[in-house]
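The listed protein sequences correspond, in order, to chains A and B. All letters in the first sequence, in the order written, are residues 851 to 1051 by the working numbering. All letters in the second sequence, in the order written, are residues 47 to 371 by the working numbering.
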Amino acid sequence: MLRRASMLLARRPILAASARPFSTDLPAAPSADATFTEAWTKVIPNMDPPKTPLSFMQPRPPTPSSIPSKLTVNFVLPYASELATKEVDMVIVPATTGQMGVLPGHVATIAELKPGVLSVHEGSEVTKYFVSSGFVFIHANSFADIIAVEAVPLDRLDVNLVQKGLAEFTSKLSSATTDMEKAEAQIGIDVHSALNSALTG
Amino acid sequence: MAMAALTREGRRFAPMISPRPITALRSSPLAPSLEDEGPIGVRYISTQVVRNRMKSVKNIQKITKAMKMVAASKLRAIQTKAENSRGLWQPFTALLGDLPSADVKKNVVVTISSDKGLCGGINSTSVKISKGLHKLNSGPEKETKYVILGEKAKAQLVRDSKKDIELIITELQKNPLNYTQVSVLADEILKNVEYDALRIVFNKFHSVVSFVPTVSTVLSPEIVEREAESGGKLGDLDSYEVEGGETKGEILQNLAEFQFSCVMFNAVLENACSEQGARMSAMDSSSRNAGDMLDRLTLTYNRTRQASITTELIEIISGASALEG
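Here it is as structure tokens:
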């Protein structure tokens, strides 16, 4: 009995953390790849075929005939999902070609991001993040996926540290010898100047 | 009459005593305490031996219980990280779909396993799936190479597929897992290995008792183009406008690399969770087993103890009755 109690005590915190196992990935599309499962069972009949990511994902809605009123945004980082299927009016992303505004009904696009400010406009409120880099996928059904490596809200940036970093990387660039060092210093300068303009502009 | 009763007692024990003198000579040169003979020549193991076993089994039980608690706390720490990283690969699958059955010439199977053992059967499952993928993708002009993460898979795959192994990476969890480390790793793999399709084999963490072997496929940009042109699942990839960069190819190249690092990050975290969960359940069943063994040993110990007391009593009484009668 004491053994059971200790097992329950060990398990309870974990159960509380994932009370609904995987509400984020319910097996919504059982259609996973039928050709793969067939090929597998032919060659290796003794083992169950492994699952593929398709079976863990919620399927996306198809392209509607009329332009929807809201844009559904998924903003993900390696450490967290900042925004998950949030309905907003507009997002402005810092693409490599410049600031790009995304409205519902935007044409399907794949764009790479450069360090800059991402702003999410919902009604009257605007949330701004500084994004280091990443990708944005805009689908035809007014879904936008923004995948960034690092993103921080603007109010968490320190002006002094930004200035210091900029000075540091400029000096590194001037003293750099190899191509690798020059490239690293250049990247540092790009990011810090983007941070600077984000804080001032 | 009391004397007659005692004689009767004496006679009752007599047949039991008689075989003894013959065997007593044989066993006495050996350790006399190890083998005791009870009635009708039954042998009992000594209490000392049983006591030693009980002590070691109890220690094992304590150790496995402690290992289970440690695994539980490590699991708690890493589980939140893994759940947060789940959103990372979904946009890629939404855009590029999932084509594990794509027919490619150069396959690379990335097997993710643990460094430490005592975690149940998850590493063997990963290795079996990797070997299965190798077999599935074998054919003329096709080749499959392995990239191994973790000691356990290395030990199993080095035995029969040594020539197919490209890269072996161990001690992944020396420092807590983070995206920077995994992206450097992904960069290394992409630099050193030629690939048309990367298949990442790992155990997806469903719950503390359930781990599902999963394979995620990342295709190289050329194969993506080929699949997009031939229609099918990736058919509408061409409808996406590609912003920025010099050429579409460059962006797709960056996309494939980014996809690989994101999928690897999620896979490594999920596998770490599965490892801790499997270790928890393995250690739990081990401590339960040790507990059962301890119960059985206790019964044996008591039986042995009581038997030795009984034989002592028999000797005394028969000795006394022999003197009397």
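Every residue gets a Cβ at the ideal spot worked out from N, C-alpha and C, and that includes glycine. The structure displayed is predicted, hence computed values, not measured ones.
- Using beta-carbon distances, Gly133 (chain B) counts as an interface residue toward chain A, with a partner under 8 Å.
- Within the same chain, Cβ atoms closer than 6 Å to the Cβ of His956 (chain A) are found at Ile988, the five residues on either side in sequence being excluded.
- Neighbours of Met907 (chain A) in chain B, taken as residues at a C-beta separation under 8 Å, are given in chain order as Gln136, Thr139, Ala140.
- Under DSSP, Gly951 (chain A) forms a beta bridge with A:Ile942.
- Sequence-distant partners of Gly984 (chain A) (beyond 5 residues in either direction) whose C-beta falls short of 6 Å from its own C-beta, in its chain, are Leu963, Ile997, Ala998, Val999.
- Among the residues of chain B, none has a CB under 7 Å from the CB of Leu968 (chain A); the nearest is roughly 15 Å distant.
- Arg1006 (chain A) is outside the set of residues whose beta carbon lies under 8 Å from a beta carbon in chain B.
- Counting the other Cβ atoms within 10 Å of the Cβ of Gly948 (chain A) gives fewer than 16, which makes it exposed.
- Each of B:Phe304, B:Leu244, B:Glu361, B:Thr293 was checked against the Cα of Ser176 (chain B), and the nearest Cα belongs to B:Leu244.
- Positions of the beta strand (DSSP E) runs, each at least 3 residues long and wholly inside the stretch 118-158 of chain B, are given as 152-158 in order along the chain.
- The residue from B:Lys237, B:Ala368, B:His180, B:Tyr192 with its alpha-carbon nearest to that of Ser159 (chain B) is B:Tyr192.
- Contact annotation: in the stretch 331-348 of chain B, residues whose CB is within less than 9 Å of a CB in chain A are Ser333, Arg334, Gly337.
- The three-state reading of DSSP puts Asp1008 (chain A) in coil, since its state is none of H, G, I, E or B.
- The beta carbon of Ala945 (chain A) sits closer than 8 Å to the beta carbons of Ala961, Glu962, Leu963, Lys964, Val986 from its chain, once the five residues preceding and following it are set aside; these are given in chain order.
- For Asp161 (chain B), no chain A residue has a Cβ inside 7 Å of its Cβ, as the nearest lies near 22 Å away.
- Counting along the chain, no beta strand (DSSP E) covers Ile269 (chain B); the unbroken alpha helix (DSSP H) around it starts and ends at 267-275.
- Between the stretch 301-312 of chain B and the stretch 258-274 of chain B, the count of C-beta pairs closer than 8 Å reaches three or more; the two stretches touch.
- Looking at the backbone, the Cα of Ala336 (chain B) and that of Ala112 (chain B) are separated by about 13 Å.
- Taking 8 Å as the cut-off, the Cβ atoms of Ser931 (chain A) and Asn130 (chain B) count as close.
- Shown here for Glu217 (chain B): same chain residues with a beta carbon closer than 7 Å to its own, the five before and five after excluded, namely Asp161 in chain order.
- Secondary structure at Ser982 (chain A): coil, using DSSP grouped into helix, strand and coil.
- In the DSSP annotation of this structure, Leu244 (chain B) is not part of any alpha helix (DSSP H); the continuous beta strand (DSSP E) holding it starts and ends at 243-253.
- Distance between Leu121 (chain B) and Leu1004 (chain A), taken at the CA atoms: about 33 Å.
- Straight through space, the alpha carbons of Ile942 (chain A) and Val156 (chain B) are spaced by roughly 37 Å.
- Restricting attention to A:Gly1015, A:Phe980, A:Met950, A:Asn991, the CA atom closest to the CA of Pro911 (chain A) is found in A:Asn991.
- Using a Cβ-Cβ cut-off of 8 Å, Met1030 (chain A) does not count as an interface residue toward chain B, since no Cβ of chain B sits closer than that to its own.
- A Cβ of chain B is located within less than 8 Å of the beta carbon of Pro928 (chain A).
- Met940 (chain A) has its alpha-carbon roughly 8 Å from the corresponding atom of Lys920 (chain A).
- Residue pairing by DSSP places Tyr192 (chain B) opposite B:Val155, B:Ile211 in a beta bridge.
- Look at the stretch 253-265 of chain B: the residues with a C-beta under 9 Å from a C-beta of chain A are Ser253, Val254, Ser256, Val258, Pro259, Thr260, Val261, Ser262, Thr263.
- The alpha-carbon of Val1009 (chain A) is positioned some 16 Å away from that of Gly1038 (chain A).
- In the structure shown, the three-state DSSP call for Asn183 (chain B) is coil.
- About 7 Å separates the beta carbons of Leu315 (chain B) and Ile124 (chain B), which is inside the 8 Å limit, making them a contact pair.
- Counting only residues of its own chain and dropping the five nearest sequence neighbours on each side, Phe251 (chain B) has a CB closer than 7 Å to the CB of Ala128, Phe257, Glu316, Cys319, Ser320, Gly323.
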